[in-house]
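Here's the structure, in structure tokens; my notes come after.
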Amino acid sequence: MRYNVLTTLIAMRQSQLFTKTRKSAPKDEVAKNAQLLIRAGYIHKEMAGVYAYLPLGLRTFNNIVQIIREEMSAIGGQELTLTALQSPALWQKSGRWDDDAVDVWFKTKLKDGAEVGLGVTHEEPLTALMTEYVSSYKDLPVYAYQFQTKFRNEMRAKSGIMRTREFVMKDLYSFSRDEAEFRTFYEKCAEAYKKIFIRVGIGAQTFRTFASGGSFSKFSDEFQTIAEAGEDTIYIHRGKGIAVNKEVYTDEVLAELGIKREELEEAKTVEVGNIFPLGTRFSELLGLTYKDEEGREKPVVMGSYGIGPGRLMGTIAEVLGDEKGLVWPKEVAPFPVHLISISGGNADVVKEADRIYDLLLENGIEALYDDRDARAGEKFANSELIGIPTRFVVSEKTMAQGSVEAVNRADGAATLVPESGIIEYLARKE
Ligand code: ATP
Ligand code: MG
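Numbering of the sequence shown is given in this note's numbering, commencing with residue -13 and proceeding in unit increments.
Quick look at the structure:
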């Protein structure tokens, strides 16, 4: 068996994939992203605002996670995992245990009656944890992040996987000596976010947006992607490539940013990520201090940086998907290649498609292989719904020409690729 040497690669014959594509989505599913993802077999709706990720969906989700991980580690982020179960004591110290302060808590009880909460965010536990490791200026700065499930009892849950009650968040927290050190990292992270949104294919539609800093600071920065289904309204300055959230769209703010109302374009958007100065609010309340070079005790200056990979996946589906189905960029797609055999009962075609499947795997290319005994039209429609960027078709017709047909999902462009040039063709498409 060849696959023994390729243990990390996934061989996926569609005849063995347990999910099937569906003609229609559940009636109560209004969001385009969830409709497409359910029909293509990526996700399963457990209840309103709660979704399971199926094999194709999980692969896509993990690809997004990996892109975020690479960019966070490139700016010095260290990955860890905190806990979902949270003790009230810590959150009472910061004043965020009360339902009046945070209105999306899921709270439950231990057997002995003691209350616990399911984490909505993780400033408190990480700040408290850092007090065990940070005491001197030499211990700073620190950048720590996780991909972890948050639970939020969201009022509105109509946006498919873009707003759910249980979702994974990448949350990074920065711990710096002073404001200047914090700002340098904050800008670095904003650049890393730009790279992430470009890599997942929505760079052109995504804008760094001035938003309210809430109770922590004057401004925060959101990354907002133009989409019909968006819940936010922003005003975009195309020339400068920045935007202003409606919530801070005032003459005063525009003057501060040096932009005029008539230069701005209104758009409906989805917040795919945000970065937030936290100042010393949490470090002061939870006792995270350090001794500077002169031995003076100072509070650590903090920031928080969130991205929801599930919301991001939903946004990509909304923005790039078309009337035929999903359209994934290569880095995000569950598989880079969808190999399809159209055999019409001809065993030679099956043999040739099998051979190409093996060839792809030998070259480290994971393919979804539609080896099912189904009509060409059905296979193509399924393939368009699933949205893998490159489709290779093997049929009697293509074999007669010593080729496979390559079709680009995004624009439908088709070319014949000689059998001997398949790997080179994919490499060129990089
Ligand atoms: P929103 O205003 O849309 O509710 P938020 O201000 O609550 O977002 P944060 O708490 O800062 O957002 O979360 C950081 C990131 O986590 C968001 O930018 C988004 O990508 C993601 N996120 C937030 N809430 C959800 C949710 N309910 N479902 C999926 N992803 C979410
Ligand atoms: Mg929210």
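Each residue gets a CB set at the ideal place from its N, CA and C atoms; glycine is no exception.
Keep in mind it's a predicted model, so treat the numbers as computed, not measured.
Problem - Rounded Cβ spacing between Arg361 and Ile374 (contact assumed at less than 8 Å) - result: Not a contact, Cβ separation roughly 19 Å.
Practice task
Report the three-state DSSP secondary structure of Gly296 (helix, strand or coil).
Solution key: helix
Problem - Residue interval of the beta strand (DSSP E) (run including Asn394) - result: 389 to 394
Practice task
For the region 252 to 265 and the region 91 to 104, state whether three or more C-beta atom pairs, one from each stretch, are separated by less than 8 Å.
Solution key: no
Exercise for the section: Identify, in the order they occur along the chain, each residue of the same chain with its Cβ nearer than 8 Å to the Cβ of Gln191, setting aside the five sequence neighbours on each side. Expected result: Thr211, Ile212, Ala213, Val305
Practice task
Use the C-beta contact count for Phe4: other C-beta atoms within 10 angstroms, 16 or more gives buried, fewer gives exposed.
Solution key: exposed
Practice task
Could you tell me the distance, in whole angstroms, from the CA atom of Gly273 to the CA atom of Arg282?
Solution key: 15 Å
Practice task
Would you kindly check if the distance between the Cβ of Ser206 and the Cβ of Gly199 is under 8 Å?
Solution key: yes
Handout entry: Selection from Asp359, Arg377, Leu346 that minimises the alpha carbon distance to Ser1
Key = Asp359
Problem - Ala143 and Ala70 closer than 8 Å at C-beta - result: no
Handout entry: Burial state of Val16 (16 or more Cβ within 10 Å)
Key = exposed
Exercise for the section: Evaluate contact between the region 157 to 168 and the region 286 to 300, counting only Cβ atoms and requiring at least three cross-stretch pairs below 8 Å. Expected result: yes
Exercise for the section: Using a Cβ-Cβ cut-off of 8 Å, state whether Glu217 counts as contacting chain D. Expected result: Of the protein chains in the structure, only one exists, and it is not chain D.
Exercise for the section: Take Thr189 as the anchor and find which of Lys95, Ile228, Thr135, Gly350 has the nearest alpha-carbon. Expected result: This sequence places Gly at residue 189; Thr is not what is there. Nearest of Lys95, Ile228, Thr135, Gly350 to Gly189, Cα basis: Ile228.
Handout entry: Candidates Asp334, Ser406, Gly350, Gly398, of which the one nearest Ser381 by Cα
Key = Asp334
Practice task
Tell me, please, whether the region 145 to 154 touches the region 246 to 255 by the rule of three or more beta-carbon pairs shorter than 8 Å.
Solution key: no
Exercise for the section: Tell me Tyr131's beta-bridge partners as DSSP assigns them. Expected result: Glu65, Leu158
Exercise for the section: Quick one: grab the DSSP three-state call for Gly331. Expected result: coil
Handout entry: Alpha carbon of Leu40 to alpha carbon of His30, nearest angstrom
Key = 7 Å
Practice task
Would you mind stating whether Lys79 and Val106 have Cβ atoms separated by less than 8 Å?
Solution key: no
Practice task
Report yes if the CB atom of Ile61 is closer than 8 Å to the CB atom of Lys174, and no otherwise.
Solution key: yes
Exercise for the section: Using only the heavy atoms of the ligand ATP, determine whether one of them is closer than 7 Å to the beta carbon of Phe196. Expected result: no
Practice task
Look up Met141 in the DSSP assignment and say whether it is helix, strand or coil.
Solution key: coil
Exercise for the section: With distances taken Cα to Cα, identify the nearest neighbour of Phe196 among Ser269, Asp164, Glu238. Expected result: Glu238
Handout entry: Sequence-distant residues of its chain with Cβ nearer than 6 Å to Gln21 (five each side left out)
Key = Ala11, Glu15
Exercise for the section: Measure the alpha-carbon distance for Lys365 versus Thr376 and round it to whole angstroms. Expected result: 14 Å
Problem - Closer than 7 Å: Arg395 CB and nearest the ligand ATP heavy atom - result: no
Handout entry: Selected residue, minimal CA-CA separation from Glu370, among Asp397, Thr384, Asp89, Glu140
Key = Asp397
Handout entry: Cβ neighbour criterion (16 or more within 10 Å) applied to Lys18
Key = buried
Handout entry: Cα-Cα separation, Lys232 to Phe193
Key = 14 Å
Practice task
Would you mind reading off the limits of the beta strand (DSSP E) that contains Ile261?
Solution key: 251 to 265
Practice task
Consult DSSP for Lys124 and reduce its assignment to one of helix, strand or coil.
Solution key: helix
Handout entry: Limits of the unbroken beta strand (DSSP E) element including Asp357
Key = Counting along the chain, Asp357 falls outside any beta strand (DSSP E), and DSSP gives it neither H nor E.
Handout entry: Three-state secondary structure (DSSP) of Gln210
Key = strand
Exercise for the section: Would you mind reading off the limits of the alpha helix (DSSP H) that contains Met33? Expected result: Here Met33 belongs to no alpha helix (DSSP H); instead the beta strand (DSSP E) covers 29 to 33.
Exercise for the section: Kindly indicate which residue of Ser59, Ile24, Glu57, Trp91 has the alpha-carbon position closest to the one of Gly43. Expected result: Ile24
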